[in-house]
Amino acid sequence: MTNKLLSKQSAAHLEETSHLLSPERIDKTDLDDGQETKSIDDDVDMDVGVGGSRRKKSKEMSVLPSGATIMDGKKTFMALENNPEVMNALAAKLGLSPALKFHNVYSLAESELLHIPRPVYALLVVLPLTPTWKASRMARDSAQEPYKKYGPDEPVIWFKQTIDNACGSIGLLHCLLNGPAQNYILPDTILSRLFEDAIPLEPEKRAKMLYDDGQFEVAHQSVASLPVGDSSPPKAEEGNRLGQNFVAFVRGEDGYLWELEGTRPGPIRKRLLREGEDLLSENVLRQSIGAVIRRNQDAGEQDPRFSCVALAHDRTDRESLPMNFLNRGRV
Numbered sequence: 001m002t003n004k005l006l007s008k009q010s011a012a013h014l015e016e017t018s019h020l021l022s023p024e025r026i027d028k029t030d031l032d033d034g035q036e037t038k039s040i041d042d043d044v045d046m047d048v049g050v051g052g053s054r055r056k057k058s059k060e061m062s063v064l065p066s067g068a069t070i071m072d073g074k075k076t077f078m079a080l081e082n083n084p085e086v087m088n089a090l091a092a093k094l095g096l097s098p099a100l101k102f103h104n105v106y107s108l109a110e111s112e113l114l115h116i117p118r119p120v121y122a123l124l125v126v127l128p129l130t131p132t133w134k135a136s137r138m139a140r141d142s143a144q145e146p147y148k149k150y151g152p153d154e155p156v157i158w159f160k161q162t163i164d165n166a167c168g169s170i171g172l173l174h175c176l177l178n179g180p181a182q183n184y185i186l187p188d189t190i191l192s193r194l195f196e197d198a199i200p201l202e203p204e205k206r207a208k209m210l211y212d213d214g215q216f217e218v219a220h221q222s223v224a225s226l227p228v229g230d231s232s233p234p235k236a237e238e239g240n241r242l243g244q245n246f247v248a249f250v251r252g253e254d255g256y257l258w259e260l261e262g263t264r265p266g267p268i269r270k271r272l273l274r275e276g277e278d279l280l281s282e283n284v285l286r287q288s289i290g291a292v293i294r295r296n297q298d299a300g301e302q303d304p305r306f307s308c309v310a311l312a313h314d315r316t317d318r319e320s321l322p323m324n325f326l327n328r329g330r331v
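Going by UniProt numbering, the sequence shown opens with residue 1, and the numbers climb by one from there.
Below you can see the structure in the form of C-alpha cells.
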C-alpha cells in the first residue's frame, strides 16, 4: 500500500486524530553533456498577437540525458511520490545504510503508529497548499530574513531549492543529512559527499552545488521513473501544478525540532525536544504536521492530499549500530 496521496478516508482519519497529536553507485558515464532540444506548447503561456489576438507561445525545452529538462532556463526534475517504495529506493541509491527505512504514517492516532519502529528520526510530509496554509506561509516568510548560516556549528543542513520539482529529493536530503540519520550514511557515497561538501558552503553556493550535481540528478530521475506507487509519474512540466509541498521535520544538532523546506527563506526552529521524545511523540506532532492540519480545520478547509512517511529502523534490522564516521568538521 503506497502513500502518494492519502485516500479521503485515511486523510479524514488523519485530520480527525490530529489532536492526538547497500547503495547503488551512479555511473559517471551517464553524465554526458548531450541533450535534446524540442519545442513544446503550454496552454498557460499566452502571447498577445497583432490586433490583440491571443496565441500560444512556443517554449524551448532541453532534455538532459538523465531525463531531466531545462525549461525556461531552469533545470526541472520529474516529480516524486511520497511513499516508502520511492523514498527507500532513492535513499539507497544516494547511500543510506539499509538499517534505516521509511514507513507509512496513515493516521496520527497512537494505535495506528504502533507498526512504526521507534525512535523516529525524521518525518517527510506532503502538504497541500491550501489557501489558509499559503497565507500563513506568506505572512511568516515576509517577516523572515534569508538564511545565511553555514559551517560546522550550523544546527541543521538546509538546501535552498533552485531545481523545479526537486522538493521531494531535497526533502529526503533534509531527513538524511540531519539528526541521528546522518550516522547511517555509508562512506564513499553521494550522501557522504554532499554532507561533507555542503557544510562549509554559504546557502547560495550550497544550492548551486546541488543544482550542478549530476549524480544527484541521475539518482532522482532514475527513481522518479520507476513503476511504483499509485499512478504513473507526472511529467516534468506537470509537476509545478500539483499544488503540494514536501516538508521535512528533523531534530537539529541543538536538540530542537526543525521544519525544513527548500522554497522557504530558511529553516524554521520549532521547539526543544525533551528527553525521550522523537518525531512521532504526541507533543512533537502538535508542533509539526498537526499544526498545519489544525489551521486548515479551523478555517473549514479539508484537503485529502496529506501524506507522511517516517524514517526509523528497518523492522528486520533494529539492532544495527550507527556508523558514526561523519562529522561536521568540529575540532
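Don't be surprised by glycine CBs; every beta carbon is placed ideally from N, CA and C.
Note that this is a predicted model, so its numbers are computed, not measured.
Nonlocal neighbours in the same chain, by C-beta distance under 6 Å from residue i, ignoring five residues either side
| i | result |
| --- | --- |
| A291 | none |
| T316 | none |
| D212 | none |
| N88 | K101, F102 |
| G171 | L124, F246, A248 |
| I70 | S62 |
Beta-carbon separation (whole angstroms), residue i vs residue j, contact threshold 8 Å
| i | j | result |
| --- | --- | --- |
| E217 | S62 | Going by Cβ atoms, the distance from E217 to S62 rounds to 13 Å, so no, they are not a contact pair. |
| G255 | L273 | 6 Å |
| G73 | C167 | In fact, because the Cβ distance is near 19 Å, the residues do not count as touching under 8 Å. |
| L80 | S222 | That pair is no contact at about 11 Å. |
| L280 | L124 | In fact, because the Cβ distance is near 13 Å, the residues do not count as touching under 8 Å. |
| Q161 | I190 | The pair is not a contact, with the Cβ atoms about 18 Å apart (cut-off 8 Å). |
| I289 | C308 | 6 Å |
Short Cβ contact (8 Å threshold) for residue i with residue j
| i | j | result |
| --- | --- | --- |
| T130 | N296 | yes |
| Q244 | P128 | yes |
| A219 | I157 | no |
| A310 | H115 | no |
| residue 369 | V250 | The requested residue 369 is not part of the displayed model; the chain covers only 1 to 331. |
| L90 | F159 | no |
| R305 | V126 | yes |
| P203 | K270 | no |
| E253 | P155 | yes |
| V120 | D278 | yes |
| Q182 | L173 | no |
| F77 | A224 | yes |
| I163 | K75 | yes |
| N82 | F246 | yes |
| L108 | L260 | no |
Delimiting residues of the alpha helix (DSSP H) encompassing residue i
| i | result |
| --- | --- |
| H174 | 167-176 |
| L245 | Here residue 245 turns out to be Asn, not Leu, going by the sequence shown. Where N245 is concerned, there is no enclosing alpha helix (DSSP H), although the beta strand (DSSP E) it sits in stretches over 244-251. |
| K208 | 203-211 |
| R294 | 289-298 |
| A143 | 131-143 |
| G214 | 214-224 |
Enclosing beta strand (DSSP E) for residue i [first to last residue]
| i | result |
| --- | --- |
| F102 | 100-104 |
| A312 | 307-313 |
| W158 | That residue, W158, is in no beta strand (DSSP E); it is neither H nor E in DSSP. |
| V125 | 122-128 |
| E259 | 256-260 |
| I70 | 69-71 |
| I199 | Segment: none, I199 is in no beta strand (DSSP E) and carries neither H nor E. |
Beta-bridge pairing of residue i - partner residues as DSSP gives them
| i | result |
| --- | --- |
| D164 | T76 |
| I116 | Answer by DSSP bridge pairing: none, since I116 is not bridged. |
| I185 | L96 |
| I190 | I190 pairs with nothing; no bridge assigned. |
| S272 | First, the residue type needs correcting, since residue 272 is Leu and not Ser in the sequence shown. L272 is bridged to Y256. |
Cβ shell of residue i (< 7 Å), same chain only, five flanking positions each side left out
| i | result |
| --- | --- |
| D314 | P98, A99, L100, K101 |
| T207 | Strictly speaking, residue 207 in this sequence is Ala, with Thr absent from that position. Taken in chain order, the residues that qualify are F159, K160, T162. |
Cβ neighbours of residue i in the same chain (closer than 8 Å, five flanking residues each side left out)
| i | result |
| --- | --- |
| S192 | G95, I185, L186, L326 |
| L201 | Y150, M209 |
| W258 | P155, V156, N178, F249, V250, R251, G252, P267, I268, R269, K270 |
| R118 | D278, L280, A312 |
| residue 333 | Residue 333 is absent from the structure shown; the chain starts at 1 and stops at 331. |
Any non-hydrogen atom of the ligand COA within 7 Å of residue i CB
| i | result |
| --- | --- |
| E282 | With respect to the ligand COA, the structure offers nothing, as it holds no ligand at all. |
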